[in-house]
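The numbering of the sequence shown is my numbering, which starts it at 2 and goes up by one.
We put the CB at the ideal spot given by N, CA and C, even for glycine.
Values in this document were obtained by computation on a predicted structure and should not be read as measured data.
Structure record follows, encoded as structure tokens.
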Amino acid sequence: MRSPLSSLLNLGCRLVFVVIGIPVLWVFEAIYPIRIGELLEDRIGHLASNTELYVRLARQSAEKPAGKTIFFAWNPANRPLLEIWKRYLPIVENKSARRFFIACRPFISRTRFYCPLPNIPVIEHEAYLNEPPVIQFTRAEDERGRAGLLAMGVSPDDWFVCVHARDPSYIAYRKGFGKAENQSSYLDCSIENYIPAMQWIAKQGGVAIRVGSHVANALPDCGPRIIDYAKLHRDPFMDIYLSARCRFFLGNNSGLITVARIFNVPWAAANLCPMPWVGKAGWRNMDNPKLLRRNSDGHIMTFPEIAAMGLLECYGDEPERLRMLFTPETYEKLGYTWIENSPEDVLAICMDMFDMSEGRPLDSEGLRLQDAFNRLYTMGYTHLNGGGISPRFALLHRHLIEPETTMQSDTPSASAPGGRS
């Protein structure tokens, strides 16, 4: 609940905006139109993805704005990324100005002068898949990034994969979020289940770099080609550089994976939930869903069962329902628990991404099952821009994608007692 002083300050800010701000903006409207907006700077995922999508869409637009759009920001989740964005957008970074904007947002958002950043759609936007990245590193930034890689033992000839598992430590650390103690989330997952995939990357001749900020658990010593950057070398600029230069990014639904997205780096999201996001990453990327267990009897829900419950598909034109599906209490009330991917599941998507990066064909039966999963999206199937769940993951869980077919194949025929031919 807001204090009386806070409410009074907000009211004062709004009066100033109405009495002074709006008349000034109208004066400029005929000469040099000004629009104002705000960056979503408090999470690295929004600072990266929403801003990138705004610039790509503006670049696509045939109608170029006559004036200028100014964005306000303060206390970014990643300082170097905000500094890079200042090369491409007019950004005012000031605590008082940012607070003034927040106080006036209810009024500003109703005027023609407001310029909101676009929301990230459930289905991967074609601008992410078909447009070149906005951000280009300077020569000094590239030199800094290469020096950072060398300091970790990664040579210029090495290829590497970024690996990230979301845990509650960052939210607990970041000022203004959560409480002092760590708060677990159904979006979290265990870095330990990614270790076999990291070991497999090392066996292929690559380097697996565990990334993240303020992570809970250190990696065990797995040799020089598996680097716990998050615990031993973490640097805010290198968070951006590593995500931009890796062969692919193996993570989950956390903000850091979207930094790879804005550089058009292929990404694989294991442990993706809730279901409306699953299978919609586009032709360059793929994902694995978490599984959903019914608490009453331990039954793992099939994907057709999840679809029949109305938990599989939802889009931006249903904002209230989308928020409901992203609320953990929804699943608790229904009596379900999210089950994170096993090490085999994570390894499966890692192997598929490596095959894609090598130009190798993916398993045809796995691709058929991927398409069968996609067809469960009755509204969005024709707009998926290719891609979907990991084919190897689909093969491991075909009984959850095509339960009737699997049951029929497991049933002994009358002419072959005991299932023998």
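Minimum C-alpha distance to residue i - residue among the options
i: aspartate 353; options: Glu94, Ala198, Pro5, Pro277; result: Ala198
i: proline 91; options: Cys116, Ile210, Cys105, Pro133; result: Cys116
i: aspartate 346; options: Phe304, Ser8, Ser391, Ile307; result: Ser391
i: asparagine 131; options: Gln205, Pro107, Asn375, Phe264; result: Phe264
i: alanine 217; options: Ile23, His165, Pro66; result: His165
i: lysine 204; options: Cys351, Leu368, Val20, Leu58; result: Cys351
i: glutamate 193; options: Ala261, Arg99, Pro344, Asp298; result: Pro344
i: arginine 111; options: Arg15, Trp201, Ala63, Lys96; result: Arg15
i: serine 365; options: Asn296, Arg393, Val266; result: Arg393
i: serine 297; options: Ala269, Pro119, Gly206, Tyr332; result: Tyr332
i: isoleucine 23; options: Lys96, Val93, Leu251, Ile109; result: Ile109
i: phenylalanine 374; options: Arg80, Arg361, Pro404; result: Pro404
i: glutamate 142; options: Pro81, Ile202, Lys96; result: Pro81
i: proline 66; options: Lys96, Trp201, Ile35; result: Ile35
Residue i - containing alpha helix (DSSP H), residue span
i: phenylalanine 327; result: Counting along the chain, phenylalanine 327 falls outside any alpha helix (DSSP H), and DSSP gives it neither H nor E.
i: cysteine 163; result: Not the alpha helix (DSSP H): cysteine 163 falls in the beta strand (DSSP E), residues 161 to 164.
i: leucine 273; result: Premise fails: leucine 273 lies in the beta strand (DSSP E), 268 to 273, not in any alpha helix (DSSP H).
i: glutamine 137; result: Looking at the DSSP string, glutamine 137 is not in any alpha helix (DSSP H), and its letter there is neither H nor E.
i: serine 1; result: Residue 1 cannot be examined here, being either before or after the span of the chain that is shown, 2 to 422.
i: valine 17; result: 5 to 17
i: valine 347; result: 344 to 358
i: serine 365; result: 365 to 375
i: arginine 393; result: 392 to 397
i: tyrosine 187; result: It is not in any alpha helix (DSSP H) - tyrosine 187 carries neither H nor E in the DSSP assignment.
i: asparagine 386; result: Element bounds for asparagine 386: n/a, residue is neither H nor E.
i: arginine 194; result: Going by the sequence as given, residue 194 is asparagine instead of arginine. Careful: asparagine 194 lies outside any alpha helix (DSSP H) and carries neither H nor E.
i: asparagine 131; result: 127 to 131
Beta-carbon proximity list for residue i, same chain, < 8 Å, skipping 5 on both sides
i: glutamate 321; result: none
i: glutamate 42; result: Leu48, Ala74, Trp75, Asn76, Pro77, Ala78, Leu83
i: valine 56; result: Tyr89, Leu90, Val135
i: glycine 1; result: Only positions 2 to 422 of the chain appear in this structure, which leaves residue 1 out of reach.
i: alanine 152; result: His234
Residues near residue i by beta carbon distance below 6 Å, same chain, minus five either side
i: tyrosine 33; result: Gly68
i: leucine 312; result: Met276
i: tyrosine 195; result: Val164, Ala166, Val347
i: methionine 325; result: Thr331
i: alanine 269; result: Leu251, Met287, Ile350, Met354
Residue range of the unbroken beta strand (DSSP E) whose run includes residue i
i: glutamate 94; result: 92 to 94
i: phenylalanine 114; result: Premise fails: phenylalanine 114 is in no beta strand (DSSP E) and is neither H nor E.
i: tyrosine 337; result: 337 to 340
Within 7 Å, strictly: CB atoms of residue i and residue j
i: isoleucine 37; j: isoleucine 71; result: yes
i: glutamate 341; j: asparagine 272; result: yes
i: glycine 146; j: methionine 287; result: no
i: arginine 248; j: valine 162; result: yes
i: isoleucine 124; j: lysine 281; result: yes
i: isoleucine 377; j: phenylalanine 304; result: Note on residue identity: the sequence assigns leucine, not isoleucine, to residue 377. Yes, they are a contact pair.
i: alanine 395; j: leucine 370; result: yes
i: tryptophan 86; j: threonine 52; result: yes
i: asparagine 254; j: cysteine 190; result: no
i: valine 208; j: aspartate 240; result: no
i: tyrosine 187; j: tryptophan 339; result: yes
i: glycine 154; j: proline 225; result: yes
i: leucine 1; j: tyrosine 337; result: Because residue 1 is not part of the residues shown, which for the chain are 2 to 422, the question remains open.
i: glycine 213; j: isoleucine 45; result: no
i: isoleucine 210; j: tyrosine 230; result: yes
i: phenylalanine 18; j: cysteine 105; result: yes
i: leucine 40; j: proline 119; result: no
i: arginine 235; j: tyrosine 129; result: no
i: isoleucine 121; j: serine 50; result: yes
i: leucine 26; j: phenylalanine 114; result: yes
i: methionine 380; j: glutamate 314; result: yes
i: proline 267; j: arginine 285; result: yes
Spatial neighbours of residue i in its chain, beta-carbon cut-off 7 Å, leaving aside the 5 residues before and after
i: tryptophan 278; result: Val123, Asn254
i: aspartate 356; result: Leu363
i: glutamate 127; result: Asn386
i: asparagine 11; result: Ala104
i: alanine 219; result: Asp229, Lys232
i: glycine 13; result: none
i: threonine 412; result: Below a pLDDT of 50, predicted positions are generally treated as unreliable, and threonine 412, at 48, falls in that range; the measurement from the model is reported next regardless. None.
>> Restricting to runs no shorter than 4 residues, where is the alpha helix (DSSP H) found entirely within the stretch 197 to 259?
In response: 230 to 233, 237 to 246
> Mind pulling the alpha helix (DSSP H) runs of 4 or more residues that sit fully within the stretch 29 to 100?
Replying inline: 45 to 61, 80 to 86
>> I'd like the ranges of any alpha helix (DSSP H) spanning at least 4 consecutive residues and lying wholly in the stretch 276 to 323.
In response: 304 to 309
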